[in-house]
């Protein structure tokens, strides 16, 4: 990211920033983090893209699930039209099947596009490209490993959705592989909608009369089920439900003036200063991974796409409900949060494993993390908001001084015990919490999101066009980062609803169809020189994970850092049990 920022002039505000460009297409500018992520995903082989798996158990037969799946995805799109958005727009005469090296000037990366589907044939075509049933895989983890090791095709597509059935090991699962440009926590809401759609009344084929809903045969094919629920999309009706940008939502709510833009500019300047200060971090091996990325065709039919090399490493550690509850209670007793404690553990573990040169001047720690805008815009970021802010992330930054990181003097004098180490981690956690709250204290740090996004996009382009000799001289280095995602708040149990009274009365003697989530599992894709730690909770259990590219970072070192983080967490849980 560049160290200077050009101020972007504020634009006139409208309730919707989507503009109709034809009878079936609308577009809007990408702002802030949306623009940054779109350039990064496109030019760095899908960096930031997400995979979430939702393994489940169900009373619905496998063959029935497979038939229902395309129609369920279409039903989800009717509720959440964002599933049909693209963020890479092909210019006239260009082709998305061109080699990646030639895509720089042929496509518009600055806008999102939604094209309404008005015919059944178009709907079936979109579903063929989007909804995939996978039978007989080794496990849903295998599918997640595959998706995290290749970028979504074609570039700019919002999501690819997989239904993993009859795996050799483990339960079936719904897997969403999504772009991060217009997605974040919203992915949970999308998955919940798809899972509920699998039990939609219109898709019941076991009607008590032996006939399907609306007199269709109980042996309807998947395409016939899509036909049964298909309605042409009306662009003007859909427009109010397409996602708005965080930048626009902020401006509509707070109507910032020059003073507010000064606050935002000060936050950007603070981030630049933090980036320039000496920081601990995870050193990398620094190859030019772009070279191999660019030589292969990006077509989905290519062998490189079907059988990608597995460079993306995802490692996770799950804690039991008892451990998770003990950690929560101990953090509360010590006036800090779970995320601050784990961030402190990450800083300590990185410092422990990488600060080997005693003669070197002490370094601080530059912490980079995403802040969710729900703290300032709770209504606009709700899932039921119309329009909602789907990408509600503001990049944030704080700096820990060298003395913050060093253990307290009494620890150095009296030696390290489990109790003293945990207390020192809590000391550091409180410092992190205070500094984060100070940085995030004003909503007006959002005032310069447009400036940040456009400057970052320019920086990404400058890296893309840099000579290999320039890249080889740059350090491959990851400062401490943590994405704290909180509780994965989505329904765990799904029940079918009776399509009509006749079905309901006949179903008294037989249970309705059910589907129950047994877990939520996250995978990430980080092709940039970054080691990404994340934290989330589902069903009372805490998961800490890390993902990175093993072409850039030593897997043994990163694994050792994660293991030390987990040891520090377990120590806290142990003390809480005493």
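In the working numbering, the protein residues as written are 11 to 588.
Yeah, the Cβ is synthetic: ideal placement off N, Cα and C, and Gly gets one too.
Element boundaries [beta strand (DSSP E), containing residue i]
| i | result |
| --- | --- |
| residue 328 | 322-328 |
| residue 183 | 183-188 |
| residue 589 | The first residue shown for the chain is 11 and the last is 588, placing residue 589 beyond what the model contains. |
| residue 10 | Nothing about residue 10 can be read from this structure; the chain reaches only from 11 to 588. |
| residue 235 | Not the beta strand (DSSP E): residue 235 falls in the alpha helix (DSSP H), residues 232-239. |
| residue 170 | 169-175 |
| residue 524 | 524-527 |
| residue 243 | Premise fails: residue 243 is in no beta strand (DSSP E) and is neither H nor E. |
| residue 503 | 503-505 |
Reference residue i; option with closest CA among the options
| i | options | result |
| --- | --- | --- |
| residue 126 | 354, 162, 252, 166 | 252 |
| residue 147 | 330, 128, 386, 179 | 179 |
| residue 362 | 570, 391, 168 | 570 |
| residue 353 | 436, 287, 393, 383 | 436 |
| residue 553 | 233, 324, 409 | 324 |
| residue 462 | 416, 405, 451 | 405 |
| residue 499 | 417, 43, 192, 202 | 202 |
| residue 195 | 140, 326, 393 | 393 |
| residue 585 | 116, 58, 343 | 343 |
| residue 273 | 468, 32, 171, 459 | 459 |
| residue 82 | 119, 232, 488 | 232 |
| residue 339 | 583, 85, 44, 65 | 583 |
| residue 291 | 157, 270, 376, 588 | 376 |
| residue 488 | 575, 398, 530, 285 | 285 |
| residue 455 | 187, 382, 244, 190 | 382 |
| residue 472 | 27, 40, 28, 54 | 54 |
| residue 200 | 417, 400, 407, 236 | 400 |
| residue 331 | 546, 44, 154 | 546 |
| residue 409 | 573, 357, 457 | 357 |
| residue 183 | 159, 153, 158 | 153 |
| residue 505 | 229, 27, 214 | 214 |
| residue 577 | 497, 431, 531 | 431 |
| residue 163 | 52, 128, 241 | 52 |
| residue 568 | 100, 236, 294 | 294 |
| residue 129 | 501, 237, 279, 254 | 237 |
Run of the alpha helix (DSSP H) containing residue i, from where it starts to where it stops
| i | result |
| --- | --- |
| residue 471 | 459-474 |
| residue 205 | 196-207 |
| residue 262 | 256-264 |
| residue 178 | Segment: none, residue 178 is in no alpha helix (DSSP H) and carries neither H nor E. |
| residue 295 | Residue 295 -> no alpha helix (DSSP H), and no H or E assigned at all. |
| residue 7 | Since the displayed the chain opens at 11 and closes at 588, residue 7 lies outside it and no answer follows. |
Simplified DSSP state of residue i, which is helix, strand or coil
| i | result |
| --- | --- |
| residue 26 | coil |
| residue 496 | strand |
| residue 555 | strand |
| residue 108 | A caution first: residue 108 carries a pLDDT of 38, below 50, which makes its placement in the model unreliable, though a value can still be read off. Residue 108 falls in the coil class under three-state DSSP. |
| residue 489 | coil |
| residue 561 | coil |
| residue 272 | helix |
| residue 39 | strand |
| residue 250 | helix |
| residue 277 | helix |
| residue 223 | Low confidence applies here, because residue 223 scores a pLDDT of 40, under 50, leaving its location unreliable; read the following figure in that light. Note: residue 223 maps to helix in three-state DSSP. |
| residue 585 | helix |
| residue 162 | coil |
| residue 574 | helix |
| residue 417 | coil |
| residue 31 | coil |
| residue 287 | coil |
| residue 53 | helix |
| residue 569 | helix |
| residue 454 | helix |
| residue 191 | coil |
| residue 155 | helix |
Residue-chain proximity (residue i, chain B), Cβ-Cβ < 8 angstroms
| i | result |
| --- | --- |
| residue 364 | The structure shown contains no chain B, having only a single protein chain. |
Original post:
Taking only runs of the beta strand (DSSP E) that begin and end inside the stretch 59-100, which ones reach a length of at least 3 residues, in chain order?
Top reply: Along the stretch 59-100, the beta strand (DSSP E) occurs as fully enclosed runs of 3 or more residues at 60-68, listed in sequence order.
**OP:** Note down, one range per segment and in chain order, each alpha helix (DSSP H) of at least 4 residues found wholly within the stretch 329-414.
**Re:** Whole alpha helix (DSSP H) segments, 4+ residues: 331-343, 348-364.
**OP:** Return the chain-ordered ranges of every beta strand (DSSP E) run that is complete within the stretch 114-151 and spans a minimum of 3 residues.
**Re:** With a minimum length of 3 residues, the continuous beta strand (DSSP E) runs that stay inside the stretch 114-151 are 121-125, 141-145.
Subject >> Validate contact between the stretch 442-450 and the stretch 234-248 using beta carbons, cut 8 angstroms, 3 pairs >> reply: Contact between the stretch 442-450 and the stretch 234-248 is absent, because fewer than three Cβ pairs lie under 8 angstroms.
Original post:
So does the stretch 69-79 actually touch the stretch 146-166, counting three or more Cβ pairs closer than 8 angstroms?
Top reply: No, the stretch 69-79 is not in contact with the stretch 146-166.
Original post:
Would you call the stretch 534-541 and the stretch 58-77 in contact, with 3 or more CB pairs under 8 angstroms?
Top reply: Because the criterion of three Cβ pairs below 8 angstroms is met, the stretch 534-541 and the stretch 58-77 touch.
**OP:** Flag this pair as touching only if the stretch 63-71 and the stretch 523-530 have three or more C-beta atom pairs under 8 angstroms; answer yes or no.
**Re:** Yes, the stretch 63-71 touches the stretch 523-530.
Original post:
Between the stretch 156-173 and the stretch 135-145, are three or more C-beta pairs nearer than 8 angstroms?
Top reply: Segments in contact, yes.
Subject >> At least 3 beta-carbon pairs within less than 8 angstroms: the stretch 86-100 vs the stretch 179-194 >> reply: Taking a cut-off of 8 angstroms on C-beta distances, the stretch 86-100 touches the stretch 179-194, as three or more cross pairs fall below it.
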